[in-house]
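Peer 1: Going left to right, the sequence shown walks through residues 1 to 301 as UniProt numbering numbers them. Think of the CB as a built atom: it goes at the ideal place given N, C-alpha and C, for glycine as much as any other residue.
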Amino acid sequence: MCSSVHDLCSLEERLMNCSVVSFSMEFTREESVRRLEETVSNDDPIIGAGAGTGMSAKFAERGGVNLLIIYNSGRYRMNGRGSLAGLLPYGDANEIVLDMGRQVLPVVEDTPVLAGVNGTDPFRNMDVFVEDLKRRGFSGVQNFPTVGLIDEDSQFRQNLEETGMGYDEEVEMIREAAEQGMLTCPYVFTEEQAREMTEAGADVIVSHMGLTTSGDIGAETALDLDAAAERVQAHHDAAKDVDEDVLVICHGGPIAWPDDAEYVLNNTEGVVGFFGASSLERLPTEEAIENQASEFKSIEF
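This is how it looks when you write it as structure tokens:
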């Protein structure tokens, strides 16, 4: 037994420090990149899946996805709210990712798991946070929440950039993660950002077309598929100008269903995959649960 108040306090501190289960990082950056390059060399698309729950992660992995990504919007999305809730002050985005990791990482067997990191968080030392993500078992990072979803011409976005909470902070987070040996798969929204993220050490550039359409809580305003393909190609070309080895995949906007992704990949050169969050967990869940409930209600007795 502790012999003093000091001993009790020391014991409490030790218990708190041990309260989070640590996992070894499943895949190094080199291992993750090698697996992705092998996928491309086999003429298969790289498919990343957002996972808001352990159930989503488990069955996306069984479906053969190459990457799993955990970020705060997954929690909001699977609670029936739009993905943009992840950009609003409903919770500490980075803390939510840590909590989700405790739920998701233990059920994943053989797939690199990325953490969506709020790189503009002014209350975290990003080098320490990235190191903590590695210790917990994350293999890589993505920049989410991202100010890239906020119109660059808006006063709000300009004010964020002017006050130390801009996209450049997300670039620096990616640079830090790359230096620490993590797979880096950032969202980009412009050709300039594609170049900046590639220069920072990005392994996979994710060309973001905006909030995913379709479903009950999806966007209604988006590019058409031809415009999306043109923009994805521009991001690809900008990134490849910096590093010929960088991989480029697409995400979001009108690219909501497998046929949409196939169309974009067939109408671009060098784009090698798709990352879906709403597309791989929200949309199929909406349909499956509604249809199952409807079938049960149609029972005759």
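1. Who are the Cβ neighbours of Phe-274 in its own chain at under 8 Å, not counting the five residues just before and after it?
2. Nearest to Leu-211 by alpha carbon, out of Gly-64, Phe-156, Arg-81 and Arg-35?
3. Given 8 Å as the limit, is there contact between the stretch 148 to 166 and the stretch 98 to 105, that is, 3 or more CB pairs closer than that?
4. Do you know how far the Cα of Ser-56 is from the Cα of Arg-77?
5. Hey, is the stretch 56 to 76 in contact with the stretch 134 to 144, meaning 3+ C-beta pairs nearer than 8 Å?
6. Between Trp-257 and Ser-278, how many whole angstroms is the CB-CB distance? I'm expecting something under 8 Å.
7. Given a cut-off of 8 Å, decide if Lys-134 and Met-182 are closer than it, judged by their beta-carbon atoms.
8. Per DSSP, what kind of secondary structure is Met-16 in: helix, strand or coil?
9. Could you compute how far the alpha carbon of Tyr-187 sits from the alpha carbon of Lys-297?
10. Please work out which residues of its chain come closer than 6 Å, Cβ to Cβ, to Ala-93, disregarding the five sequence neighbours upstream and downstream, and give them in chain order.
11. What are the residues that DSSP puts in a beta bridge with Cys-250?
12. On a Cα-Cα basis, can you pick out the residue from Thr-53, His-235, Asp-110 and Leu-223 that is closest to Asn-66?
13. Taking contact to mean 3 or more Cβ pairs, one atom from each stretch, closer than 8 Å, check whether the stretch 222 to 237 and the stretch 161 to 176 are in contact.
14. If you follow the beta strand (DSSP E) that Val-108 is in, where does it begin and where does it stop?
15. How is the alpha helix (DSSP H) around Ile-289 delimited, first residue to last?
16. To the nearest angstrom, how far is the alpha carbon of Val-97 from that of Asn-79?
17. Applying the criterion that 16 or more other CB atoms from any shown protein chain within 10 Å of the CB defines a buried residue, is Val-21 buried or exposed?
18. In whole angstroms, give me the CA-to-CA distance for Gly-116 and Glu-300.
19. Go through its chain and collect everything with a Cβ distance to Ala-130's Cβ below 6 Å, but skip five positions before and after it.
20. So, are the CB atoms of Arg-75 and Gly-52 less than 8 Å apart?
21. Measure the C-alpha to C-alpha separation of Glu-244 and Leu-149 and round it to an integer number of angstroms.
22. Out of Ile-289, Ala-293 and Pro-284, point me to the one whose CA is closest to Ser-60's CA.
Peer 2: Judging by the given coordinates:
1. Here residue 274 is taken as the residue at index 274 of the sequence shown, counted from 1. The residues are Pro-45, Ile-46, Ile-47, Gly-48, Ile-249, Cys-250, His-251, Ile-255, Ala-261, Val-264 and Leu-265.
2. Taking the first residue of the sequence shown as 1, we reach residue 211 at position 211. Residue Arg-81 is the option with its Cα nearest to Leu-211.
3. no
4. The sequence position of residue 77 within the sequence shown is 77, counting from 1. The sequence position of residue 56 within the sequence shown is 56, counting from 1. Taking the straight line joining both Cα atoms gives about 12 Å.
5. yes
6. Your numbering for residue 257 matches position 257 in the sequence shown. Your numbering for residue 278 matches position 278 in the sequence shown. Contact doesn't hold; Cβ gap of about 11 Å is too wide.
7. Reading the sequence shown from its first residue, position 182 is the one you call residue 182. Reading the sequence shown from its first residue, position 134 is the one you call residue 134. Going by C-beta atoms, Met-182 is nearer than 8 Å to Lys-134.
8. Walking along the sequence shown from the start, residue 16 turns up at place 16. In this prediction, Met-16 scores a pLDDT of 40, lower than 50, which makes its location untrustworthy; no coordinate-derived value is stated.
9. As a first step, residue 187 must be located in the sequence shown, where it is residue number 187. As a first step, residue 297 must be located in the sequence shown, where it is residue number 297. Approximately 42 Å between the Cα atoms of the pair.
10. Start at 1 with the first residue of the sequence shown, and residue 93 comes out as number 93. The answer, listed in chain order, is Asn-72, Asn-118 and Pro-145.
11. Position 250 of the sequence shown, counted from the start, is the residue given in the question as residue 250. According to DSSP, which records beta bridges pairwise, Cys-250 is partnered with Ser-207 and Phe-274.
12. As a first step, residue 66 must be located in the sequence shown, where it is residue number 66. Ranking Thr-53, His-235, Asp-110 and Leu-223 by Cα distance to Asn-66 puts Asp-110 first.
13. no
14. Translated into the one-based positions of the sequence shown, residue 108 becomes position 108. Val-108 -> no beta strand (DSSP E), and no H or E assigned at all.
15. The sequence position of residue 289 within the sequence shown is 289, counting from 1. Its alpha helix (DSSP H) spans residues 283 to 297.
16. Taking the sequence shown and counting its residues from 1, one reaches residue 97 at position 97. Taking the sequence shown and counting its residues from 1, one reaches residue 79 at position 79. Computed Cα separation, rounded: 15 Å.
17. Taking the sequence shown and counting its residues from 1, the one referred to as residue 21 is at position 21. Because the pLDDT of Val-21 is 46, which lies under 50, any placement of that residue in the model is unreliable, and the number read from its coordinates should be weighed accordingly. When all chains shown are included, Val-21 counts as exposed.
18. Counted from its first residue, the sequence shown places residue 116 at position 116. Counted from its first residue, the sequence shown places residue 300 at position 300. So the alpha carbons of these two residues sit roughly 47 Å apart.
19. Locating residue 130 in the sequence shown gives position 130, where the first residue counts as 1. Checking the sequence, you will find Val at residue 130 rather than Ala. Taking C-beta separations shorter than 6 Å and ignoring five residues to either side along the sequence, the partners of Val-130 in its chain run Glu-176, Ala-177 and Gln-180, following chain order.
20. Here residue 75 refers to the residue found at position 75 when the sequence shown is read from its first residue. Here residue 52 refers to the residue found at position 52 when the sequence shown is read from its first residue. In terms of Cβ geometry, Arg-75 and Gly-52 form a close pair [threshold 8 Å].
21. Translated into positions along the sequence shown, residue 244 becomes position 244. Translated into positions along the sequence shown, residue 149 becomes position 149. Answer to the nearest angstrom: the Cα atoms are 26 Å apart.
22. As a first step, residue 60 must be located in the sequence shown, where it is residue number 60. Note on residue identity: the sequence assigns Ala, not Ser, to residue 60. Among Ile-289, Ala-293 and Pro-284, the Cα nearest to that of Ala-60 belongs to Pro-284.
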